[in-house]
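Here's the structure we're looking at; comments come further down.
Below is the structure:
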């Protein structure tokens with residue numbers, strides 16, 4: 136069974152809880168460096184959202200970034216660049232992992248993230 140109908144409010148609750156859980160894991164696992172992998176399940180969900188509700192995909196990434204940063208080890212700064220690089224790996228089962236496709240994802244995320252962080256560009 137591939138499709139399940141749920142009320143939109145229930146979908147929002149499920150998505151919020153899922154993204155929160157993946158973000159906590161990503162933040163706690165991050166030890167610094169150039170790549171912060173958000174997990175393959177997040178990549179699967181993000182890819183589906185991107186194809187169906189792009190704005191929701193972007194806001195889910197913003198939630199992922201904020202929560203992962205809050206859960207990174209003390210003294211370790213998780214930057215948006217590292218999470219975007221990790222997202223490409225997490226999308227390996229999606230057409231979005233292709234360089235041309237991912238360029239659009241990356242461009243959109245870089246353009247939209249400041250809106251989710253009060254206009255901050257130092258993400």
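In my numbering, the protein residues as written are 136 to 258.
Here a beta-carbon is modelled for each residue, glycine too, at the ideal position from N, C-alpha and C.
7 Å CB neighbourhood of residue i in its chain, flanking five on each side removed
i	result
residue 157	173, 174, 176, 177, 199
Per-residue burial, residue i [other beta carbons within 10 Å of its own, 16 or more giving buried]
i	result
residue 246	exposed
residue 222	buried
residue 141	exposed
residue 234	exposed
residue 180	buried
residue 226	buried
Same chain only: Cβ atoms within 8 Å of residue i, ignoring 5 sequence neighbours per side
i	result
residue 217	165, 168, 169, 170, 171
residue 256	249
Proximity below 7 Å, CB of residue i to CB of residue j
i	j	result
residue 219	residue 184	no
residue 182	residue 213	no
residue 194	residue 154	no
residue 192	residue 251	no
residue 203	residue 162	yes
Sequence-distant residues of its chain with Cβ nearer than 6 Å to residue i (five each side left out)
i	result
residue 159	206
residue 241	219
residue 211	167
residue 224	172
Contact test: residue i Cβ vs the ligand GDP heavy atom, cutoff 6 Å
i	result
residue 239	Looking for the ligand GDP in the displayed structure turns up nothing, as the structure carries no ligands at all.
Rounded separation between residue i and residue j - CA only
i	j	result
residue 238	residue 258	18 Å
residue 228	residue 144	28 Å
residue 148	residue 215	24 Å
residue 137	residue 190	23 Å
residue 249	residue 236	22 Å
Alpha helix (DSSP H) segments (min. 4 residues) lying fully within the segment 197-239 | 215-225
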